[in-house]
Structure formats: structure tokens, C-alpha cells
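Novice: 156 is the number of the first residue of the sequence shown in the working numbering; add one for each residue after it.
We put the CB at the ideal spot given by N, CA and C, even for glycine.
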Amino acid sequence: MSAPNASYPDELSPKESLDLCKKIADFGIPYATLSGGEPLLYSGFWMFFLF
156 MSAPNASYPD ELSPKESLDL CKKIADFGIP YATLSGGEPL LYSGFWMFFL F
């Protein structure tokens, strides 16, 4: 089954995801790897890319 525009009920919003990234960066983690599915289809992808 494919549903690229569907989201899970407990999925983080783009703002919540960015807040999490900022907290992870505060721990000194320099980069992250996105995998699984298709990251480019995520509505907040470019916000993370530019972060």
C-alpha cells in the first residue's frame, strides 16, 4: 500500500521535528541521516535541509 501524503496520528509536526533537531544539535551531534520511505515527500524536508 502506498500513501505518500498520509500521516500517522502520532507523527511529529514539522515544527515539533525541528525543535527535536535543535535539541539533538545542542548535544553536539553534528549531522543526521534520513532513511526509510522517501524523505523528499515529507512536508518539512526543506526546513530540515536548510537547518
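With a cut-off of 9 Å, does the C-beta of P164 fall near any C-beta of chain B?
Specialist: The structure shown contains no chain B; it is built from a single protein chain.
Novice: Spatial neighbours of L167 within its chain, please: C-beta separation below 8 Å, excluding the five flanking residues on both sides.
Specialist: If we look at L167 and ignore the five residues flanking it on each side, its Cβ neighbours are L175.
Novice: For A187, which residues of its own chain have a beta-carbon under 8 Å away from its beta-carbon, when the five flanking residues on both sides are left out?
Specialist: So the qualifying residues of the chain are C176, I179.
Novice: Measure the Cβ-Cβ separation of F203 and S172 and say whether it is below 9 Å.
Specialist: Going by C-beta atoms, F203 is nearer than 9 Å to S172.
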